[in-house]
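Structure first, then comments.
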Amino acid sequence: MKLTKLKTALAAGALTLASGSAVVAQDLRIAYTGYSTDNTFWIGVANAAAAEAEAQDVEFIDMTASSPDSAAQRDAVDRAIDMGVDGIIIGSVDNRAFDASLEAAAAKGIPVVAVDTGIDHPHVSSLVQTDNLAAAGIAGDYIVDQIDGGKVLILGGSAGHQTGNARRDGVLNAAEAAGHEVIFQICDWQDACAFETTTNFLQSDPEITAIFSAWDPGALAAVSAAKALGRLDDLVIVGFDGNPANLVAIAEGEQSATIKQDNTRMGTESVRNLLAVINGEEAPAVVPIDGILITADNVAEYQ
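Residues -25 to -1, 1 to 278 (mature numbering (1 follows the signal peptide of the UniProt record, and there is no 0)) make up the sequence shown, in order.
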């Protein structure tokens, strides 16, 4: 009789614990702020993150601004902290903008995970990103293989941006190792700057034979500028992201190549890592994701 009662009590306790765990899971709220909602790559990250949160029965609050705005993003993080969310995912516009916000999150015990771009702060538990240096190295090797002499123009992101710097360095290292002069221009991830920079340098320097843009829309801007100047057939133009419009440009022979990022995995892994930290489990400090070179030879596989 006592044994039967003990078993019953244990079973009831287990049921209570299981029910309690379910309630906790359903009550979890995580905030997400990505680079912008007007960027194809980041739309993919957000959609994957939202889908994973839904699969985990967790409320997902997307606080991403419509355009890249570091001040608005910092304000979003601060609002999320004031709301008392259980965790925050940041795909930063400016990875240097969050020190005070992260101190506030740490004080309230709200864990933070970074996606795509590292944030140098001890409270950031995990970073999920493309191995940008290695992936850009692949792009650089491709460029070197395609050109016979000449200079390489690199259209970069913003100054001091960890992701942009890694993409710059991967191509720069490969090109300089092969003896090519490299011209680097900061464009703050702005397509208009990519167009204007490409136009100016192609007009002033006929030795440019290749252009690398650290983001795919910038590569399309370079394509447009080169086409307007009648230089498109003379250039190797490579981007980074694997956006659908760029795949079309590759298939049509206008853009030479791009590096595809697995934005679906990035969004999914960032949610999983954040939930692990919230639950007191270990999450990897860095999750490096391989990039894939897409050219005319394999573009059909990704369209």
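Every residue gets a Cβ at the ideal spot worked out from N, C-alpha and C, and that includes glycine.
No experiment lies behind these values; they were computed from the predicted model shown.
Query: Lys235 classed as buried or exposed, judged by whether at least 16 other C-beta atoms fall within 10 angstroms; Result: buried
Query: Closest by C-alpha distance to Tyr10, when choosing among Asp37, Asp2 and Gln31; Result: Asp37
Query: Integer-rounded CB distance, given that Val252 should sit under 8 Å from Gly62; Result: 7 Å
Query: Sufficient close CB pairs (3 or more, under 8 Å) joining the segment 22 to 36 to the segment 196 to 207; Result: no
Query: Of the listed residues Val127, Ala40, Leu249 and Phe215, nearest to residue 279 (C-alpha basis); Result: Here the chain comprises residues numbered -25 to 278, so residue 279 is not present and cannot be evaluated.
Query: Contacts around Pro263, its chain only, beta-carbon distance under 6 Å, and the 5 residues preceding and following it disregarded; Result: Asp106
Query: Backbone secondary structure at Gln104 - three-state DSSP; Result: strand
Query: Residue interval of the beta strand (DSSP E) (run including Thr233); Result: Ala232 to Lys235
Query: Residues that Val20 bridges to, as DSSP identifies them; Result: Answer is none; Val20 lacks a bridge partner.
Query: Residue 339 to Gly59 span [Cα, whole Å]; Result: The displayed coordinates of the chain run from -25 to 278. Any statement about residue 339 would go beyond what the structure contains.
Query: Cα-Cα separation, Ile56 to Ala79; Result: 7 Å
Query: Best match in Asp191, Trp190, Ala150 and Gly217 for proximity to Thr184 [C-alpha to C-alpha]; Result: Ala150
Query: Any non-hydrogen atom of the ligand NAP within 7 Å of Phe170 CB; Result: The ligand NAP is not among the ligands present in this structure, which contains no ligands whatsoever.
Query: Rounded straight-line distance, which links the Cα of Gln31 to that of Thr243; Result: 11 Å
Query: For Asp216: DSSP bridge partner residues; Result: Lys235
Query: Coil, strand or helix - Ser179 by DSSP; Result: helix
Query: The segment 136 to 156 / the segment 115 to 128 touching (three or more Cβ pairs under 8 Å); Result: yes
Query: Bridge partner(s) assigned by DSSP for Tyr10; Result: In the DSSP output, where bridge partners are listed per residue, Tyr10 has none listed.
Query: Three-state secondary structure assigned by DSSP to Gly255; Result: coil
Query: Reference Gly139, options Val127, Asp191 and Glu171, closest by Cα; Result: Asp191
Query: Rounded separation between Ser(-5) and Arg54 - CA only; Result: The pLDDT assigned to Ser(-5) is 33, lower than 50, so where the model puts this residue is not dependable; a value taken from the coordinates is nonetheless given after this. Looking at the two C-alpha atoms, the distance is approximately 27 Å.
Query: Test item: CB-CB of Ser45 and Val68 under 8 Å; Result: yes
Query: Under 8 Å between C-beta atoms of Leu108 and Gly145; Result: yes
Query: Best match in Val33, Pro181, Glu171 and Tyr277 for proximity to Ala232 [C-alpha to C-alpha]; Result: Tyr277
Query: Which of helix, strand or coil DSSP assigns to Pro263; Result: strand
Query: Under the three-state DSSP convention, the category Ala(-12) falls into; Result: Note that Ala(-12) scores 37 on pLDDT, short of 50, meaning its location in the model is unreliable; the coordinates nonetheless yield the value given after this. Reduced to three states, the DSSP call for Ala(-12) is helix.
Query: Selection from Ala194, Asn254, Asp163 and Pro86 that minimises the alpha carbon distance to Thr174; Result: Ala194
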